[in-house]
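Following: one structure in C-alpha cells, then a few remarks.
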Amino acid sequence: MTIRQRIAVIGGTGAEGGGIALRLAQAGYEVTIGSRSNEKAVEAADELTAILGGSARITGADNVTAADGADIVFLTVPYAAQRPTVDSIAAELRGKILVDATAPLMPPKVARVQLPEGGSAVTAIQEALGDDVRVVSALQNVAAEKLRDLEHEVPCDVLVCGDDGDARREVIALLAAARIRGIEAGPIANSAAAEALTSVIIAINRAHKVTGAGIRIVGI
Ligand SMILES: NC(=O)c1ccc[n+]([C@@H]2O[C@H](COP(=O)([O-])OP(=O)(O)OC[C@H]3O[C@@H](n4cnc5c(N)ncnc54)[C@H](OP(=O)(O)O)[C@@H]3O)[C@@H](O)[C@H]2O)c1
Numbered sequence: 080m081t082i083r084q085r086i087a088v089i090g091g092t093g094a095e096g097g098g099i100a101l102r103l104a105q106a107g108y109e110v111t112i113g114s115r116s117n118e119k120a121v122e123a124a125d126e127l128t129a130i131l132g133g134s135a136r137i138t139g140a141d142n143v144t145a146a147d148g149a150d151i152v153f154l155t156v157p158y159a160a161q162r163p164t165v166d167s168i169a170a171e172l173r174g175k176i177l178v179d180a181t182a183p184l185m186p187p188k189v190a191r192v193q194l195p196e197g198g199s200a201v202t203a204i205q206e207a208l209g210d211d212v213r214v215v216s217a218l219q220n221v222a223a224e225k226l227r228d229l230e231h232e233v234p235c236d237v238l239v240c241g242d243d244g245d246a247r248r249e250v251i252a253l254l255a256a257a258r259i260r261g262i263e264a265g266p267i268a269n270s271a272a273a274e275a276l277t278s279v280i281i282a283i284n285r286a287h288k289v290t291g292a293g294i295r296i297v298g299i
C-alpha cells in the first residue's frame, strides 16, 4: 500500500491556497489548511469541505500546527507576507518539501514585472531556509478560479522549479493527482521567470477582459 503524504497549505484560507487544497483533498490526500488564526482556518476548512460534498474532508489549524503535521507544505500567501510566514514555521519545515506559490506582486502596479532585489522571491526563501528544506516553486501562473473549478482539469501548465530533482518530481506527481500538468522547469533560480510571468498574465487578463489566462508549453 502506498502511503500518501500529508499536505499543509499555509494561507489556505485564501483564493489560491483554497483551490489547491480542494484539488489535493479531492485526489485523496489528507489536507490541512493553515491560518494565522486557528478559528479562521477551521471555518474556511469547513467551507471547503462543504464544496467537496462529502467526498473528502479538509481540516484547519494555525500555521505552525498545520506545517508540523504535514510531510509537504504549500505556501500561498501574498508576497508581503511570504518571509514573515516562512520565518514563523521554519522549525516545522525542516526535512520537508516547501512548495512556494509566491509571485512578488507589488501593488498597485501588479501588471508590471517587479522582481525583488536578488531576482526571485522563492529563491530568496530557499537561501534563507538552507539545505534542510527543499523548496520547489510552482503555481504562480494558474488562476485560483481554475484551481477551484473541480469539474475540469486545470487547462494551463505549471512551471515547477527547484534545485532538488526528486523534490521537483514529487511535486509534479502531486500536481498530476490534482489534475494539473506540472512541467520540469529547472533550478530554483528559474523561478524568477514564473514569478515574472504572473504580472504578464495579469496584463493579458486586463487586455483581453478575462480572469483566467494561463500558459501552455508545447513541443514536449
Ligand atoms: N489568486 C490567484 O489567482 C493567484 C494566482 C497565481 C499565484 N497566486 C499567488 O498565490 C499567493 C496567494 O494569493 P491569494 O490570492 O490566495 O492571496 P490572498 O487570498 O490575498 O491571501 C492568502 C492568505 O494569506 C494570508 N495573509 C494575507 N495577508 C497576510 C499578511 N499580511 N501576513 C500573513 N498572512 C497573510 C491570509 O491567511 P490568514 O489570514 O488565514 O492567515 C490569506 O487568507 C500570492 O503569492 C499570489 O501571488 C495567486
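Heads up, the sequence shown is in this note's numbering, so the first residue is 80 and it goes up one at a time.
From the three backbone atoms N, C-alpha and C, an ideal C-beta is built for every residue, glycine too.
- Beta-bridge pairing by DSSP links residue 261 to 237.
- In summary, residue 213 is buried, with 16 or more beta-carbon neighbours lying within 10 Å of its beta-carbon over all protein chains present.
- Residue environment analysis places residue 193 among the exposed positions, since fewer than 16 neighbouring C-beta atoms fall within 10 angstroms of its C-beta.
- Judged by DSSP in its simplified three-state form, residue 139 adopts strand.
- Ligand 1 has a heavy atom closer than 7 Å to the beta-carbon of residue 119.
- Across the structure, residue 267 and residue 203 are spaced so that their CA atoms are roughly 9 Å apart.
- Residue 177 places its beta carbon 8 Å or farther from that of residue 99.
- Residue 91 has its alpha-carbon roughly 12 Å from the corresponding atom of residue 126.
- Note on residue 188: under 16 other CB atoms within 10 angstroms of its CB, so exposed under the neighbour-count rule.
- A straight line joining the alpha-carbon of residue 191 with that of residue 282 spans about 8 Å.
- At a Cβ-Cβ threshold of 8 Å, residue 113 and residue 89 count as neighbours.
- When DSSP states are grouped into helix, strand and coil, residue 109 belongs to the strand group.
- Two segments are said to touch when three or more pairs of C-beta atoms, one from each, lie closer than 8 Å; by this definition the stretch 248-267 does not touch the stretch 275-292.
- Our two residues, residue 250 and residue 179, have alpha carbons roughly 11 Å apart in a direct line.
- One thing to note: residue 139 has its Cβ within 8 Å of the Cβ of residue 120.
- Residue 289 counts as exposed, since fewer than 16 other C-beta atoms from the protein chains shown sit within 10 angstroms of its C-beta.
- DSSP lists no beta-bridge partner residue for residue 156.
- Counted as a single uninterrupted DSSP element, the stretch harbouring residue 194 is not any alpha helix (DSSP H), since DSSP gives it neither H nor E.
- In the DSSP assignment, residue 210 is bridged to no other residue.
- One Cα belongs to residue 208, the other to residue 141, and the distance between them is close to 21 Å.
- Selection 118, 111, 147 evaluated against residue 136 yields 111 as nearest (Cα-Cα).
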